[in-house]
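Numbering (the working numbering), first residue to last: 1 to 629.
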C-alpha cells in the first residue's frame with residue numbers, strides 16, 4: 001500500500017504515531033508532539049476528528065442518564081477536541097515538516113472536511129469497523145484505508161472485508177486489542193496469521209505497555225504499526241496510559257528497523273553471510289589427503305582424511321571422492337577441491353589487458369604464482385605474522401615486475417589498525433604498526449627495482465561497533481587520520497586508502513565503517529590530503545546499495561582519484577568479493593567508466609577465496625574481465 005510517498009510493505013513498515021486526542025485540546029502541544037514524533041522516526045502522525053452531534057445521542061451529550069463510562073468519555077471529548085481551523089493548520093505544518101498527516105473521521109461531516117484537506121489516507125477506528133454507512137463513504141474517496149479490528153468478531157471482520165474487496169478498495173487490517181492498556185495475555189499476536197487468511201495485508205495497532213510485543217509483531221509479516229503517542233503518560237485522558245513517550249517511541253522505531261533488517265527475504269535457500277563464510281573457512285572441516293598421493297591414484301577411504309580449516313571441499317563429499325582417479329600429485333594434508341571430483345579445473349593463461357594486472361599473493365606462495373602465471377604485478381596481502389618474517393627467505397631473486405602491499409587489518413594482541421581512533425594510546429599503536437608496514441614495503445623494493453614508489457593499500461580504520469558515527473564524529477575521524485599521516489615516515493611509498501563497505505567483516509564479526517565510504521567525503525579528503533585511492537569495486541557497490549547511491553555515478557566520482565583497483569562482484573549489503581557474474585554489478589558499464597576516467601590504474605581480481613586450487617578463482621575472474629576492465 002502506498003501512503004503519500006511511502007510504500008508500506010513487509011520489511012518496510014509504515015509507523016504511525018497515534019496522537020489522537022493526547023494533545024488534550026492544546027494546539028501548541030499538538031505541534032510539539034508532531035516535532036517529537038518526527039525526532040522519534042515516525043512516518044505519520046494521526047489525529048482524530050468528531051462532530052459530537054453526529055457521533056453521540058443527544059442524551060449522551062447532555063449527560064442525561066448515560067452510564068458513567070460514556071459520560072466520562074463525552075466530557076473529555078468536549079474539552080479535548082481541536083477546531084477545524086486547528087486541524088487545517090496541523091495538516092499544513094505536517095506538509096511543511098515532510099511527515100504524513102492522517103486523521104480518523106468518526107462521522108460523515110468530519111470526513112467531508114478531511115476530504116477538502118485532501119488527506120492522503122484514512123484510519124478507521126475499531127469502533128467503526130461495523131459502521132457500514134461510514135465505510136461506504138470512505139470507499140468512495142478511493143483513498144487507502146487502514147482499519148483496526150479490535151472488539152470485533154471474526155464474522156464482523158469477514159463481513160467488512162468482503163464489502164471492501166467487492167468495492168476494490170485498497171485497505172489494510174490492523175490486529176488490535178481495544179483495551180487501554182491491554183493485558184499481555186489478551187494480545188494474541190498469533191491471530192495475525194488468521195487475519196491474513198481473511199485479508200493478506202495486515203498491520204498491528206498496539207495498546208500494550210512497552211514495545212516488546214509490537215517488535216514481535218514485525219516478525220509475523222506486518223506492514224503497518226500504530227502506537228499511541230504522548231509526552232507524558234500521567235496526563236488526563238484514557239489513552240495516555242497505553243501510549244509511548246517520545247524516547248520509548250524512538251526505541252520502538254529503531255527496533256522495528258533493526259528487526260526488518262534481520263528478517264531478510266523468504267527463500268528456500270539458506271544463504272551464508274560473509275561473516276559465516278569467514279568463520280566457516282577458519283572453523284569448519286575439509287577433506288584432505290591422508291598421505292602423499294600421486295597422480296593416477298584411485299582414491300580409497302584410507303586416502304582421505306577430515307581436517308580443519310574448511311578451505312577445501314566439505315566432508316559431505318567424502319563418498320563422491322571414492323573411486324575417483326587423481327589427476328595431480330598431492331602432499332599429505334593438501335586440500336581436495338571440487339575439480340578433483342568433476343575434473344574442470346580452471347588454470348592461468350596469457351591475458352590481454354590494456355592496464356597492468358596482478359594477483360594477490362603471500363610470501364609463501366609468491367613463487368608458485370609466478371611459476372603458473374605472468375602478471376604485471378603482485379599484491380602482497382600481509383598478515384601480522386608475515387610482518388615477523390624475513391622476506392629474503394621467500395624472495396630470493398630480482399623480479400622484473402611491480403608490487404603493491406596490502407597492509408594488515410589485524411595486528412598482535414587482536415588490535416585492528418585504526419589510524420582514526422580517538423583513543424590516543426590505541427592510535428599510537430596503530431601508527432607504530434603502520435610504520436612497520438611502510439618499513440617492510442621499502443625493504444621489499446630491493447627485490448622489485450622496477451617499482452620506485454610502491455602503493456600501500458590500507459583500511460585506515462574509522463570503524464565502530466554498535467552504530468555509525470555522527471557527522472561531527474566523522475569529521476573528527478578524518479582530522480585524526482590526517483594527524484596520523486603526518487606522524488608517519490612514508491618517503492618512497494604511497495599510502496592509498498581503500499574504499500570501504502558500510503559493514504566491514506573483521507575476522508568473522510561485523511562492524512560499522514564510517515570513513516572512506518561516501519563518495520563526496522572521499523573526494524573532499526583526497527583533495528585535502530593529496531591522496532589517491534584503491535577503488536574496491538565490491539566494497540563500493542555494497543555502500544551504494546546501503547545508502548541508495550548510483551554505483552555507476554560513484555564510479556565516475558572515484559575513478560579520477562584511483563591509483564589501484566580491487567575487482568570483485570557484490571550483492572546486497574554484505575555479499576562482497578563474489579566471483580564476477582555472481583553479483584549485481586554491470587562490469588561492461590563500470591568498465592567503460594574506468595577505461596575513460598582511470599585508464600592507468602592497476603588492478604587485481606579480489607575474489608573471496610580466489611587463491612584456492614592454485615588461484616582458480618582469480619583465473620576465472622581474469623577470463624571474464626578480459627576486454628572489459
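We put the beta carbon where it would ideally sit given N, CA and C, even for glycine.
Nothing here was measured: the structure is a model prediction, and the numbers come from that model.
Within its chain, find whatever has a CB closer than 8 Å to the CB of residue 280; leave out the 5 residues flanking it on each side and keep chain order.
Working through the chain shown from its first residue, we reach residue 280 at position 280. Cβ within range, chain order: 272 and 310.
Could you check how far apart the C-beta atoms of residue 577 and residue 608 are, in whole angstroms? I think they sit under 8 Å.
Reading the chain shown from its first residue, position 577 is the one you call residue 577. Reading the chain shown from its first residue, position 608 is the one you call residue 608. That pair is a contact at about 4 Å.
To which residues of the same chain is residue 19 closer than 7 Å at the C-beta, ignoring the five residues directly before and after it?
The sequence position of residue 19 within the chain shown is 19, counting from 1. Shown here for residue 19: same chain residues with a beta carbon closer than 7 Å to its own, the five before and five after excluded, namely 30, 33, 45, 46, 47 and 229 in chain order.
Can you look up residue 391 in the DSSP assignment and give me helix, strand or coil?
Reading the chain shown from its first residue, position 391 is the one you call residue 391. Residue 391: helix per DSSP, three-state reduction.
Let me confirm a value: residue 390 is counted as buried when at least 16 other C-beta atoms fall within 10 Å, else exposed. Which label applies?
Position 390 of the chain shown, counted from the first residue, corresponds to residue 390. Label assigned to residue 390: exposed.
Helix, strand or coil, according to DSSP, for residue 6 in the structure here?
As a first step, residue 6 must be located in the chain shown, where it is residue number 6. Residue 6 falls in the strand class under three-state DSSP.
Selected residue, minimal CA-CA separation from residue 218, among 415, 203 and 530
By 1-based counting over the chain shown, the position of residue 218 is 218. Looking at the Cα atoms, 203 is the closest of the given residues.
Bridge-paired residues (DSSP) for residue 12:
Mapped onto the chain shown, residue 12 falls at position 12. Paired residues: 9.
Span of the beta strand (DSSP E) holding residue 203?
Counting from 1 along the chain shown, the entry for residue 203 is found at position 203. Taken as a continuous stretch (DSSP letters only), the beta strand (DSSP E) holding residue 203 covers 202-206.
Whole beta strand (DSSP E) elements within the segment 75-125, 3-residue minimum:
Every unbroken stretch of the beta strand (DSSP E) spanning 3 or more residues and falling wholly within the segment 75-125 is given here in chain order: 100-105 and 122-124.
Around the Cβ of residue 119, are there at least 16 other Cβ atoms within 10 angstroms (buried) or fewer (exposed)?
Start at 1 with the first residue of the chain shown, and residue 119 comes out as number 119. It counts as buried.
For the alpha helix (DSSP H) containing residue 625, list its first residue and its last residue.
The residue given as residue 625 occupies position 625 in the chain shown. First-last of the alpha helix (DSSP H) with residue 625: 612-625.
If we call anything under 8 Å between Cβ atoms a contact, is residue 305 one with residue 327?
Position 305 of the chain shown, counted from the first residue, corresponds to residue 305. Position 327 of the chain shown, counted from the first residue, corresponds to residue 327. In this structure, residue 327 does not lie closer than 8 Å to residue 305 by Cβ.
For residue 336 and residue 312, which I take to be in contact (beta-carbon distance under 8 Å), what is that distance rounded to the nearest angstrom?
Numbered from 1 along the chain shown, position 336 holds the residue referred to as residue 336. Numbered from 1 along the chain shown, position 312 holds the residue referred to as residue 312. Between residue 312 and residue 336 the Cβ distance is about 5 Å, and since that is below 8 Å, they are a contact.
Residues bridged to residue 562 [DSSP beta-bridge criterion]:
Here the question's residue 562 lines up with position 562 in the chain shown. According to DSSP, residue 562 bridges with 533.
What do you get for residue 263, buried or exposed, if any count of 16 or more other CB atoms within 10 angstroms of its CB means buried?
Against the chain shown, residue 263 aligns to sequence position 263. By the 10 Å Cβ count, residue 263 comes out exposed.
When we look at the beta-carbon of residue 239 and count the other beta-carbons within 10 Å, is it buried (16 or more) or exposed?
Numbered from its first residue, the chain shown carries residue 239 at position 239. Buried, since its Cβ has 16 or more Cβ neighbours within 10 Å.
Assigned exposure category for residue 554 - 16 Cβ within 10 Å defines buried
If you number the chain shown from 1, residue 554 lands on position 554. Buried: at least 16 other Cβ atoms inside 10 Å.
Span separating the alpha-carbon of residue 232 from that of residue 480
Position 232 of the chain shown, counted from the start, is the residue given in the question as residue 232. Position 480 of the chain shown, counted from the start, is the residue given in the question as residue 480. Between residue 232 and residue 480, the C-alpha separation is close to 42 Å.
I want to know whether the segment 450-465 touches the segment 490-508 - three or more CB-CB distances under 8 Å.
yes
The alpha helix (DSSP H) enclosing residue 596, as first and last residue numbers:
For the purposes of this step, residue 596 is taken as the residue at position 596 of the chain shown. Counting along the chain, the alpha helix (DSSP H) containing residue 596 begins and ends at 587-597.
Kindly confirm or deny that the segment 153-160 and the segment 180-190 touch, where touching means at least three C-beta pairs closer than 8 Å.
no
What's the C-alpha gap between residue 35 and residue 524?
Along the chain shown, read from residue 1 onward, the residue named residue 35 stands at position 35. Along the chain shown, read from residue 1 onward, the residue named residue 524 stands at position 524. Taking the straight line joining both Cα atoms gives about 33 Å.
How about residue 382 and residue 406: are their beta carbons less than 8 Å apart?
Indexing the chain shown from 1 puts residue 382 at position 382. Indexing the chain shown from 1 puts residue 406 at position 406. Going by C-beta atoms, residue 382 is nearer than 8 Å to residue 406.
Restricting to Cα atoms, I'd like to know which of 593, 426 and 404 is closest to residue 414.
Here residue 414 is taken as the residue at index 414 of the chain shown, counted from 1. Of 593, 426 and 404, the residue nearest in Cα terms is 426.
Hey, residue 148 and residue 164: beta-carbon distance below 8 Å or not?
Within the chain shown, numbered from 1, the residue matching residue 148 stands at position 148. Within the chain shown, numbered from 1, the residue matching residue 164 stands at position 164. No, they are not a contact pair.
How far does the alpha helix (DSSP H) with residue 548 in it reach, from first residue to last?
Looking up residue 548 in the chain shown gives position 548. No alpha helix (DSSP H) holds residue 548; DSSP gives it neither H nor E.
Quick check: residue 535 and residue 559, are their CB atoms within less than 8 Å of each other?
In the chain shown, residue 535 corresponds to position 535, counting from 1. In the chain shown, residue 559 corresponds to position 559, counting from 1. In contact: residue 535 and residue 559 (Cβ atoms closer than 8 Å).
Per DSSP, which residues does residue 403 bridge with? Please list them.
As a first step, residue 403 must be located in the chain shown, where it is residue number 403. In the DSSP output, where bridge partners are listed per residue, residue 403 has 378.
Of all the options 180, 11, 244 and 274, which has the alpha carbon lying nearest to the alpha carbon of residue 17?
Counting from 1 along the chain shown, the entry for residue 17 is found at position 17. Scanning 180, 11, 244 and 274 for the CA closest to the CA of residue 17 turns up 244.
When DSSP labels each residue in this structure, what does residue 227 get in the three-state scheme?
Here residue 227 corresponds to residue number 227 of the chain shown, with the count starting at 1. Looking at residue 227 - three-state DSSP - the assignment turns out to be strand.
Distance, Cα to Cα, residue 254 vs residue 248?
Mapped onto the chain shown, residue 254 falls at position 254. Mapped onto the chain shown, residue 248 falls at position 248. Each residue's alpha carbon lies about 10 Å from the other.
Status (buried if at least 16 other CB within 10 Å, exposed otherwise) for residue 266
Position 266 of the chain shown, counted from the start, is the residue given in the question as residue 266. Label assigned to residue 266: exposed.
Please confirm whether residue 320 and residue 341 have their CB atoms less than 8 Å apart.
Here the question's residue 320 lines up with position 320 in the chain shown. Here the question's residue 341 lines up with position 341 in the chain shown. Their beta carbons are under 8 Å apart, which means residue 320 touches residue 341 by this criterion.
Straight-line Cα distance separating residue 91 from residue 277
Locating residue 277 in the chain shown gives position 277, counting from the first residue. Locating residue 91 in the chain shown gives position 91, counting from the first residue. Each residue's Cα considered, the two are about 50 Å apart.
Which residue from 596, 300 and 357 puts its Cα closest to that of residue 564?
Within the chain shown, residue 564 is the residue found at index 564, counting from 1. Minimum Cα distance to residue 564 is reached at 357.
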